[in-house]
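Residue numbering for the sequence shown follows the UniProt record's numbering, starting at 1 and increasing by one per position.
To start, the structure itself, in C-alpha cells.
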Amino acid sequence: MARTPVTVTVTGAAGQIGYALLFRIASGQLLGADTPVRLRLLEIPQAVKAAEGTAMELDDCAFPLLDGIDIFDDATQAFAGANVALLVGARPRTKGMERGDLLEANGGIFKPQGEAINAGAADDIKVLVVGNPANTNALIAQQHAPDVPAERFTAMTRLDHNRALAQLSKKAGVSVSEITKLTIWGNHSATQYPDVFHAEIASKNAAETVNDQAWLENDFIPTVAKRGAAIIEARGASSAASAASAAVDHVHTWVNGTAEGDWTSMAVVSDGSYGVPEGLISSFPVTTKDGRWEIVQGLEINDFSRARIDASVGELAEERDAVRKLGLI
Ligand code: NAD
Ligand code: LMR
1 MARTPVTVTV TGAAGQIGYA LLFRIASGQL LGADTPVRLR LLEIPQAVKA AEGTAMELDD
61 CAFPLLDGID IFDDATQAFA GANVALLVGA RPRTKGMERG DLLEANGGIF KPQGEAINAG
121 AADDIKVLVV GNPANTNALI AQQHAPDVPA ERFTAMTRLD HNRALAQLSK KAGVSVSEIT
181 KLTIWGNHSA TQYPDVFHAE IASKNAAETV NDQAWLENDF IPTVAKRGAA IIEARGASSA
241 ASAASAAVDH VHTWVNGTAE GDWTSMAVVS DGSYGVPEGL ISSFPVTTKD GRWEIVQGLE
301 INDFSRARID ASVGELAEER DAVRKLGLI
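Written as C-alpha cells, this is what we have:
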C-alpha cells in the first residue's frame, strides 16, 4: 500500500539553495524512495512568481513521489500540517558583511515563522534552520514555539561536517567513507571547531594517524571554518548546491538514524552537556535513532579542544544576548 505523503515546508523556495534543494526532496532523496512528499513553499510576495516557475519545473520532472506543490506568501498557511520544515529563506551574507549584521536583518523573519510552526505544524514536526545566522535563527524560532518540544528545532552544521570530511580525506588519502566520528562543535560561523581528536580513519584515531598538529591548527581548522567565506569570495554568492546537499543529509540522518559506531554533527538545544549553557542551539556530536537525536556523552575534551569549543559557544551566548536586547526572544 502506498505510504501517506509527508508534508515538507521549504522557505526561501525561490532562492539559490531552494533551487538546488527542491528537486532532491521531490526525487525522494530526503525521506527515502518509498515516501511520497507534499511540498509547501514559502516566499516573500515579490518572489512568489519565481517560486511558481520552480514549481512548473518540478511538475515537468514527473517525479513519482511528488504528491503536490502549494505556494504561499503567508507563514501560517505554509507551515500548516508540516511534518518537516526547512527554514532556508533569509538574507544571505554578501561580501564585506559581518555575521553580526545579519542578526537584526534576519531575526524578524524567524519569530513569525516560529509562531506559525507553533500554531499549525503537525505533532511530529522536525525543523532544520539553514538561513544564517542559523543557530540563533533556530533559537528565535524555537523560543516562539512553546508548544513544540525544543528538541525539534535544529540548525545546520552538516555542511561544515561534510567540509571537514572532505579536507581530512584529502590529507589522509582515504575515501570519506572511511572516516567516522568527526565533530563540529559550536556555531555555524568562523568560530566553529571541527574536532578530529575523536574521529577515526579506518577505525584508527584520526589525529594520531595524521600526526600533524601544524596542519591541524594552520590548515584544517581555518579551511573548514572559513570555507563559507571562501566560497562567497570565489563565487560572489554563498554556497548553494553543497548547502542543499547537507540539508538533505541532515534530515535524512535525523529520520533514518546514524550508522552503528558513527555519529554526525547537528546544532541542537543544549542540555548543558560539555559545559555548553542549557538552551543554546550549539553543534554537538549526535547519534540519531527512530527520528530522535541524542548528544554523544562521555568524550574526553583536551585543552586544545576546550578553548575552541568555549570560544564558539561564547559567540553563541553573545548572539543570544544580542537578540534578547532586540526583543526577538
Ligand atoms: P537567496 O538569497 O538565493 O535566497 C533566499 C530566499 O529567501 C529568497 O528567494 C528570498 O526571497 C527568500 N526569503 C527572504 N525572506 C523570506 C521570508 N521571510 N520567508 C520566506 N522566504 C524568504 O539565498 P540562499 O543562497 O538560498 O541562502 C539562504 C540562506 O542560507 C542564507 O541565509 C545563507 O547565508 C544560508 N546558508 C546557510 C548555510 C549553512 O550551512 N547553515 C550554508 C549556505 C547558506
Ligand atoms: C556557508 O557556510 O557556506 C554559508 O553559511 C556562508 C554564508 O554566510 O552564507
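Cβ atoms here follow ideal geometry from the backbone N, Cα and C, with glycine treated the same way.
Keep in mind the model is a prediction, meaning the values are calculated, not measured.
Rounded C-alpha distance that separates residue 356 from I25: This structure leaves residue 356 out entirely; the chain is present only between 1 and 329.
From Y274, G291, G96 and D195, pick the residue whose C-alpha is nearest to that of A164; which is it? The residue labelled residue 164 in the question sits at position 164 within the sequence shown. Comparing Cα-Cα distances from A164 to each of Y274, G291, G96 and D195, the minimum goes to D195.
Could you tell me if M56 is buried or exposed, where buried requires 16 or more neighbouring beta carbons within 10 angstroms of its beta carbon? Position 56 of the sequence shown, counting from 1, holds the residue named residue 56. Residue environment for M56: exposed (fewer than 16 other C-beta atoms within 10 angstroms of its C-beta).
What number of angstroms, rounded off, separates the C-alpha of A206 from the C-alpha of C61? Here residue 206 corresponds to residue number 206 of the sequence shown, with the count starting at 1. Here residue 61 corresponds to residue number 61 of the sequence shown, with the count starting at 1. Their Cα atoms are separated by approximately 42 angstroms.
Quick check: what's the CA-CA separation for A33 versus A166? Translated into positions along the sequence shown, residue 33 becomes position 33. Translated into positions along the sequence shown, residue 166 becomes position 166. Approximately 27 angstroms between the Cα atoms of the pair.
For G15, collect the residues of the same chain with a Cβ closer than 6 angstroms to its Cβ; drop the 5 residues on either side in sequence, then sort them by chain order. Your numbering for residue 15 matches position 15 in the sequence shown. Taken in chain order, the list of residues that qualify is empty.
Classify S282: buried if its beta carbon has 16 or more other beta carbons within 10 angstroms, exposed otherwise. Sequence index remark: in the sequence shown, residue 282 carries index 282 (1-based). With 16 or more other Cβ atoms within 10 Å, it is buried.
Those runs of the beta strand (DSSP E) which lie wholly inside the UniProt domain "Lactate/malate dehydrogenase N-terminal" (7 to 148) and span at least 3 residues: List check, beta strand (DSSP E) in window: 37 to 42, 66 to 72, 84 to 87 and 126 to 129.
Top-ranked residue by Cα proximity to L328, from A82, T7, A141 and A121: Against the sequence shown, residue 328 aligns to sequence position 328. Ranking A82, T7, A141 and A121 by Cα distance to L328 puts A141 first.
Taking C-alpha atoms, which residue in V130, A267, A121 and H250 lies nearest to F79? As a working mapping, residue 79 is identified with position 79 in the sequence shown. It is A121.
I want to check one thing, is the minimum distance from the CB of N132 to the heavy atoms of the ligand LMR below 6 angstroms? Taking the first residue of the sequence shown as 1, we reach residue 132 at position 132. Using a cutoff of 6 angstroms, the CB of N132 counts as near the ligand LMR, since one of the ligand's heavy atoms is closer than that.
Can you round the beta-carbon distance between V148 and I117 to whole angstroms, since I take them to be within the 8 angstroms contact cut? Here the question's residue 148 lines up with position 148 in the sequence shown. Here the question's residue 117 lines up with position 117 in the sequence shown. Confirmed, Cβ separation roughly 6 angstroms.
Going straight from the alpha carbon of G298 to that of S273, what length do you get? The count along the sequence shown starts at 1 and reaches residue 298 at position 298. The count along the sequence shown starts at 1 and reaches residue 273 at position 273. So the alpha carbons of these two residues sit roughly 9 angstroms apart.
Is it buried or exposed for G236, if we count other Cβ within 10 angstroms and need 16 for buried? Position 236 of the sequence shown, counted from the first residue, corresponds to residue 236. Looking at its Cβ environment, which holds fewer than 16 other Cβ atoms inside 10 Å, G236 is exposed.
Tell me where the alpha helix (DSSP H) around W263 begins and ends. Along the sequence shown, read from residue 1 onward, the residue named residue 263 stands at position 263. Neither: W263 is in no alpha helix (DSSP H) and is coded neither H nor E.
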